[in-house]
Every structure is written in C-alpha cells, then in structure tokens.
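Read left to right, the sequence shown gives residues 0 to 420 (numbering that gives the first Met the number 0).
Every residue, glycine too, gets a C-beta built ideally from N, C-alpha and C.
As structure tokens, the structure follows; a few thoughts come after it.
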Amino acid sequence: MASLTKRTIDAAKADTKEYFLWCGATPGFGLRVYPSGSKIFIAQVRVGRATRRVKIGAYGPFTVDQARDQAKDIIRAAAEGRDPQREKTEAKQALTVGELCDRYLEAARAGLVMTRFRKAKRPSTIAIDEGRVSRHIKPLIGTIVARDLSSADVQRMADDITRGKTAGTFKTEGRGKAVVAGGPSTAARVVELLGGIYSWAEKREHVSGIKPVRNIETARSDAKDRVLSAAELKALGQAAARADALNAKAADALRLIALTGLRREEACGLKWSEVDLAGQCLRLDATKTGRSLRPLGRAALAVLEDFKNGTDWVFPNRTNSGSAELKRKIAAIFDDAGLADARSHDLRRTFASFAAEEGYGDGTIGEMLGHARRGVTAKHYIRRPDAALIQAADKISARIASLLTWEREAASIRELRGTAG
C-alpha cells in the first residue's frame, strides 16, 4: 500500500462508484474519491466494536500533510478510547456564548430564572440583562464556544468594557435610544450577569466545569451616598411645579417617590388596587423583595388623593393598558433643577437619611423602605403597618413635603393642569 502523495491524488480519476485510496505510511489515513470527482480526506478508526470514518476535509483546501496531521490526531483520540466522530458532531452543535445568553433570556422571559429571593426575574430586570448581553457580551465574546470560554476571555471583556470599547448610542423600541458609557461599574455588573448565566446553564447541563468568571478583576464601585440637601429639595420641588403643565405624571411620581422612599419602578408601576387610603398604606404585589407593605404619611396620601383617576394604574400610559414609562421625564426634572448628578433613587436615600436624623432605627427605616423581611409573621400575616410606622411616615413625609413646597404649590399646580387640559 503506497503512501498518499500529491502526485497519487492528482492522478486519481473519478469512477462510476466511489472508492478509497489508503496511506501505507499512516494506517487509517485515506482519501475518498466520489463519482463526481470530489476528493475528501478521511480517517478510519475503530471505536469499541464500531468503525468510524471521520471526514477531515476536501483536497485542495487541505494539503496532504495538513490532512495527515489531523488524521494522526483522530487516530490518537480513538486509541485513547474517545469517539472522534461524536466529538466532532458535538463541537458543531456546541452553543456559543451568544446562543447560551439567548437561551437564558428566553428562560427568564418565561419566568424560569430566579433571583436570590427565589422570585422570577421582573421584566424591568430582564430588559437590563438584554441590554448588557446585546451591547457588551455578544460583541466581545459572543462567538466563542460557551464551554471553551476561559477566564482570560472574560478578563479581556471586562477590561474592554472598562476602557469604553462598547460605549455608544443605540436605538431602542419606538423613538427611544440608549446611551452606553461602559466603565468599571458596568464591567463589574456584566461579569456578574455572565456568572449568573453560567450558573443557570450548569444546572441544565449546557456547560460544565469551573465557571470562567471566577477571580476576574473588576473595580468595586463605592457605595452611593448621594443625599439631597434642603436647598436641593426646594429646587427640585420648584422644577416639579414647572413640569406640571406638560409632564404632570412625572412630577407627581417624583413627589410620591420623595414622600415615601419608593423605588422608581414601584412608584411608576403602582396600581390603585395596591393603594389603601383608609389603612394609610400601600400593599405592593411585586417588588424587588416580593410582596411588600409600606406605610403612607399624610403628605403622600394628599398627593395620591389629588390625582386619583378611573384607571387601574396610578400613572397609566396613553392607552390605559399599563403603567407609563416616566424614567426620562423624571430625570429631566432633576436636570431642570440643576441636579444632573442626582436621580430618583437618591430621593429614596434622602428619605432614609431624614428618618435617621429623626432618630428612627434601622428596623423602622427598613420597614418604611420595604427591605426584605425575614420573619414568617412579617412576611405572611401582617396586613397593615402599625401605628408607630404610620406616625414615622407622617413625620418624614411632612418634613420632605415642606421642603418640596407641595402644600404651597398645590393650588397653582391644579390651576396649571386646568389650563393645560
């Protein structure tokens, strides 16, 4: 049996049936000649009791020496008890990082991805995840086979995000846009998300082994401590009053956040069925920590009572089919007040700070803000806040309302709305 050479392969002619040319120098290495004239390098090996003919590639794109080297690898793998054909098939079918992320997001939309509170991820959180996947993970490492992703790959991704490689302005649904700046904080959150994706995937046997996000160096951002001063609250109240003619929902949502310490998405997504005016509280069905009971101060009640409408939502969208998207409009009010470095979550922190100044402890403040409850009784049986909590909410909301000048501005606001309507 002669050795396969370029000369012997060039001399091989097509026949009515396919046939094989085998290499005497490398047993198992051969050439398959088809009736069409195509010439394909193969490696023939035994795996257990079965014979496998593993395709290497066509003559031309592969030289004889290149094909022989691959054949030796295949023959060696079979000698070690592996199945080269199966490995090749699995390699073709292997998920890329981008495809793995798509499966994760699809599962999240179906309610199959849990948070650390054992609750399905909320649509708003999934939307953030989708942005991080599409704008950072996919462009940088999306084409890498998921099982082959290394810590070095993830570290390079984190470094690139930190340097701003993925920064840009992207179109979103409708006429919206997303401004992506990157930076160390974004890099840390993207790595954290990728770790969650791999944990989810490992439980479903999409990947196995050590997670590639371990020991990745990312900058730890300092905890935010932005609290609005009395003067800044007054400026914000004046900006909210100016916004009432055109953006009344945003102005009211901002006031409600300031007077209650609600998260922005909690306030903007509030339903009237969750508002208990008589009980002076909110009974939120779904929050970051699950169901939540929040006390309402009288200043916050006054805001809600002033604009009660006939829809299911406190802040309905134009079709009354859901809640309004007010994030940008609320941000615009902060900007108009000269507070471009502050946003709605800083009002939540301000509420907590004012409560601390009044001498309330962490437990009371946590109850007013809806931090996670641990006791069974608190989680499942308490249906209304106690008098002490309501009294605390009254005191804090009254102090903030006086700075927002809500009482003094109420009449002019109603007049503005009547003019605008």
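Give the straight-line distance between the Cα atoms of residue i and residue j, rounded to the nearest whole angstrom.
{"i": "I125", "j": "R297", "result": "35 angstroms"}
{"i": "Q65", "j": "K202", "result": "39 angstroms"}
{"i": "R102", "j": "T15", "result": "47 angstroms"}
{"i": "G358", "j": "L104", "result": "44 angstroms"}
{"i": "G195", "j": "A180", "result": "23 angstroms"}
{"i": "S198", "j": "F169", "result": "29 angstroms"}
{"i": "H379", "j": "E98", "result": "At H379, the pLDDT of 47 sits below 50, so the modelled position is not reliable; the number obtained from the coordinates is stated separately. Rounded to the nearest angstrom, the two C-alpha atoms are 40 angstroms apart."}
{"i": "Q69", "j": "T4", "result": "16 angstroms"}
{"i": "G362", "j": "R188", "result": "29 angstroms"}
{"i": "A10", "j": "K38", "result": "11 angstroms"}
{"i": "R348", "j": "L300", "result": "20 angstroms"}
{"i": "R162", "j": "V190", "result": "15 angstroms"}
{"i": "M433", "j": "R293", "result": "Because the chain is modelled from 0 through 420, residue 433 falls outside the range shown and cannot be assessed."}
{"i": "G59", "j": "D82", "result": "27 angstroms"}
{"i": "L227", "j": "H205", "result": "47 angstroms"}
With distances taken from CA atoms, which of the options is nearest residue i?
{"i": "L437", "options": "D243, V212, G236 and N319", "result": "In this structure the chain extends from 0 to 420, so residue 437 is not present and cannot be described."}
{"i": "V153", "options": "G167, S133 and A186", "result": "A186"}
{"i": "A247", "options": "G167, F306 and A257", "result": "F306"}
{"i": "G421", "options": "A339, R342, A387 and I256", "result": "As displayed, the chain neither begins before 0 nor continues past 420, which places residue 421 out of reach and without an answer."}
{"i": "A106", "options": "E129, V189, V190 and G309", "result": "E129"}
{"i": "H344", "options": "K54, A266, L303 and N214", "result": "A266"}
{"i": "S309", "options": "S272, G289 and L325", "result": "Just to set this straight, residue 309 is Gly in the shown sequence, not Ser. Ranking the options by Cα distance to G309, first place goes to S272."}
{"i": "W27", "options": "I196, A42 and D14", "result": "The identity of residue 27 in the sequence shown is Gly, whereas the question assumes Trp. G27 has its Cα closest to that of A42, out of I196, A42 and D14."}
{"i": "D393", "options": "G362, T4 and G260", "result": "G260"}
{"i": "T217", "options": "G182, P122, K12 and G289", "result": "G182"}
Tell me the DSSP secondary structure of residue i in three-state form.
{"i": "T165", "result": "coil"}
{"i": "I215", "result": "coil"}
{"i": "F353", "result": "helix"}
{"i": "R31", "result": "strand"}
{"i": "D9", "result": "helix"}
{"i": "K71", "result": "helix"}
{"i": "D224", "result": "coil"}
{"i": "P26", "result": "coil"}
{"i": "F40", "result": "strand"}
{"i": "T62", "result": "coil"}
{"i": "T4", "result": "coil"}
Leaving aside the five residues before and after residue i along the sequence, list all residues of the same chain whose C-beta is less than 7 angstroms from its C-beta, in chain order.
{"i": "V96", "result": "I136, I140, G141, I143, A145 and L148"}
{"i": "E17", "result": "R31, V32, Y33 and P34"}
{"i": "R373", "result": "Note that R373 scores 49 on pLDDT, short of 50, meaning its location in the model is unreliable and no value can be drawn from it."}
{"i": "A250", "result": "A239, A242, D243 and I332"}
Please go through the same chain and pick out, in chain order, the residues whose beta-carbon is closer than 6 angstroms to the beta-carbon of residue i, but skip the five residues on each side of it.
{"i": "R51", "result": "V44 and Q84"}
With hydrogens ignored, establish whether the beta-carbon of residue i is closer than 7 angstroms to any heavy atom of the ligand FAD.
{"i": "A119", "result": "Among the ligands in the structure shown, none appear at all, so the ligand FAD cannot be discussed."}
Using C-beta distances below 8 angstroms, list every residue in its chain close to residue i, excluding the 5 sequence neighbours before and after it, in chain order.
{"i": "K233", "result": "L402, L403 and T404"}
Checklist entry - Can we say the region 281 to 293 touches the region 237 to 253, given the rule of at least three CB pairs closer than 8 angstroms? => result no
Checklist entry - Contact between the region 76 to 85 and the region 36 to 55: three or more CB pairs below 8 angstroms? => result yes
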